[in-house]
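Encoded as structure tokens, the structure appears first; notes follow it.
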Amino acid sequence: MNLPIFLDFQATTPMDARVLEVMLPWFRAPANSHSVQHEAGLAAERAVDQARAQIASATGKTAEGIIFTPSATFACNQVLRSFAGTDARIAVSAIEHPCVMETAKWCEAMGASLDILPVTEEGVINLDAAYDLIAGASFVSVMAVNNEVGTIQPIVELAEFCNAQGIIFHTDAAQALGRIPIDGLGPDAIITLSGHKAYGPQGIGAICASPDMIERMTPLVTGGGQQGGMFPGTVPTALAVGFGRAAELAIAERVHDWDRCADLTDRFLERLGSRDVRIAINGNASERIPHNLNLSFNEVDADALLALLPQLALATGSACSSGAIGKSIVLAAMGLPEARLNTAVRIGFGRMSLESEIDEAADLIANAISRLLEKS
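Quick note on the numbering used here: the sequence shown kicks off at 221 and runs consecutively.
Put into structure tokens, the structure is as follows:
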């Protein structure tokens with residue numbers, strides 16, 4: 221396929237070749253990890269158990285607390301709905317992914333009370349305001365890394381506060397695996413993950429929690445007794461194996477990937493600067509992952525800019541909100557002016573990004589901006 225230069229790593233990541241390598245044998249084998257009356261099923265069971273152990277190591281959990289799901293969206297839905305009864309008081313940050321925000325609003329419609337935790341103009345949770353709002357809550361959900369602006373949230377502090385108050389704490393860590401440590405949140409925190417956000421396969425996510433917390437959850441679907449009944453149905457062995465390997469690589473290469481993406485970010489910004497492109501970085505300049513840049517190009521509409529750049533895979537916001545009418549909920553929650561919202565583009569770098577591609581992308585963007593300014 222003749223694909224554009226890929227700069228949309230927050231929407232999905234290309235699968236690492238090392239992940240695909242360990243998956244391929246399980247696509248060919250009759251692999252049902254629940255058919256343990258013969259060696260084919262036992263081999264699949266061992267492979268899935270290893271994947272659970274790899275994901276547990278990445279999250280500070282035990283293998284018994286890893287539940288595979290079809291996606292992180294499914295995982296977040298199951299976690300929120302499990303702890304949001306009619307008498308529940310829940311709190312989520314103002315910049316959550318739609319799978320958390322929309323589910324929290326559904327819980328509110330079902331009778332739970334809902335508080336929205338504000339963020340600063342730099343896209344970071346205001347801890348003092350958050351502590352005041354969540355005191356007395358029963359469930360709190362704050363994402364580890366924002367998918368649109370890349371800001372890192374103070375989840376360690378929030379997890380510690382919630383644990384001390386007896387509040388259940390959940391973090392959507394889909395954008396965090398392989399980018400920041402997520403294994404120090406304590407035994408009672410619940411973590412949800414996505415395979416394809418960390419160079420693994422699409423079609424698989426996970427709930428990572430203590431076995432005691434898992435037992436308190438309510439299944440979203442019913443059927444067989446697989447995974448303790450928490451998600452009945454056959455675990456896709458190949459996807460689980462790939463997810464486990466991706467998690468293992470994410471931990472082993474986190475620092476290297478961080479440093480390389482930081483270099484690419486600096487290179488990209490310097491090249492834009494050399495072309496006199498005026499930009500504003502949306503989100504905290506330091507409390508962020510370098511894999512994500514959300515830039516407002518001050519003079520041009522973002523949609524018009526992207527229309528001139530078919531050679532680049534770029535986005536203006538969350539992939540799960542693409543096609544929806546309206547501005548970015550994240551940037552609006554940060555209180556940014558209308559001009560910043562209209563001109564914002566999300567640019568992602570990752571493990572497969574090349575310096576030559578970064579240079580070409582910066583030049584293409586600069587040229588497109590010049591064309592639009594000439595027309596205005």
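Cβ atoms here follow ideal geometry from the backbone N, Cα and C, with glycine treated the same way.
Buried or exposed (CB count within 10 angstroms, at least 16 for buried), residue i
| i | result |
| --- | --- |
| Val-312 | buried |
| Val-441 | exposed |
| Gly-398 | buried |
| Gly-462 | buried |
| Leu-223 | exposed |
| Gln-257 | exposed |
| His-476 | exposed |
| Gln-230 | buried |
| Leu-244 | exposed |
| Glu-594 | exposed |
| Ser-358 | buried |
| Gly-331 | exposed |
| Gly-420 | buried |
| Arg-508 | buried |
Inter-residue Cα distance where the pair is residue i and residue j
| i | j | result |
| --- | --- | --- |
| Asp-408 | Gly-261 | 32 angstroms |
| Cys-382 | Arg-571 | 34 angstroms |
| Gln-274 | Val-268 | 10 angstroms |
| Ile-589 | Ile-411 | 41 angstroms |
| Ser-607 | Ile-585 | For the chain, the structure presents residues 221 to 596; residue 607 sits outside this window and is missing. |
| Asp-432 | Gly-443 | 22 angstroms |
| Asn-512 | Pro-374 | 18 angstroms |
| Glu-435 | Gln-298 | 12 angstroms |
| His-416 | Gln-422 | 5 angstroms |
| Ile-567 | Cys-481 | 12 angstroms |
Residue range of the beta strand (DSSP E) that includes residue i
| i | result |
| --- | --- |
| Arg-571 | Premise fails: Arg-571 is in no beta strand (DSSP E) and is neither H nor E. |
| Phe-517 | 512-517 |
Beta-carbon gap between residue i and residue j smaller than 8 angstroms
| i | j | result |
| --- | --- | --- |
| Ala-271 | Ala-394 | no |
| Ala-396 | Ala-364 | yes |
| Thr-289 | Ala-283 | no |
| Ile-499 | Phe-517 | yes |
| Val-320 | Asp-392 | yes |
Residue range of the alpha helix (DSSP H) that includes residue i
| i | result |
| --- | --- |
| His-476 | 474-494 |
| Ser-277 | 259-279 |
| Ala-581 | 575-595 |
The stretch 309-328 in contact with the stretch 456-464 per 3-pair CB rule at 8 angstroms
no
Contact between the stretch 576-585 and the stretch 232-243: three or more CB pairs below 8 angstroms?
no
Across the stretch 333-342 and the stretch 474-485, are there enough close Cβ pairs to call them in contact, namely three or more that are closer than 8 angstroms?
no
Specify whether the stretch 462-474 and the stretch 559-566 touch according to this definition: at least 3 beta carbon pairs, one from each stretch, less than 8 angstroms apart.
no
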